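What follows is a single structure, written as structure tokens, with notes after it.
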């Protein structure tokens, strides 16, 4: 049997050549704000009811309200979907309370 010869030689790659399919990743700051993926510009707390049920009550505040409270997110931490959900729930509760008073 005769050895087969390749009809087209493979291109030689030198160490300086980079693979065009490889894309370098870059880190970008998400910015500060209250949207998912951004860093929280300040702490966020929500008071817990005094009756002992542990239900959140009142608006979101940026300093510990005293008594029982839950910290939703710390300043400089990434806002997750759970944090955003809790902030939205607090906003909805505040709007409902204002509607009842007005």
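Residue numbers (this note's numbering): 9 to 110. For glycine and all other residues, C-beta sits at the position ideal for the given N, C-alpha and C. Just so it is clear, the structure is predicted and the values come from calculations on it, not from any experiment.
Could you give the residue range of the beta strand (DSSP E) that holds residue 65? Segment 64-69, the beta strand (DSSP E) holding residue 65.
Whose CA, out of 72, 45, 58 and 81, lies closest to the CA of residue 94? Of 72, 45, 58 and 81, the residue nearest in Cα terms is 81.
Span of the beta strand (DSSP E), counted from its first residue to its last, around residue 52: Counting along the chain, the unbroken beta strand (DSSP E) around residue 52 starts and ends at 52-56.
Go ahead and pull the three-state DSSP assignment for residue 98. DSSP places residue 98 within a helical segment (H, G or I) once states are collapsed to three.
Per-residue DSSP class, three states only, for residue 104: In the structure shown, residue 104 adopts helical secondary structure according to DSSP, grouped into three states.
Determine the direct distance from the alpha carbon of residue 60 to that of residue 77, and round the result to whole angstroms. Residue 77 and residue 60: Cα-Cα distance of roughly 11 angstroms.
Sequence-distant residues of its chain with Cβ nearer than 7 angstroms to residue 41 (five each side left out): Once the five neighbours on either side are set aside, the close Cβ partners of residue 41 are 49.
Check residue 86 in the structure and name its three-state DSSP category. Strand at residue 86.
Boundaries of the beta strand (DSSP E) in which residue 79 is found, first to last residue: Here the beta strand (DSSP E) through residue 79 covers 77-81.
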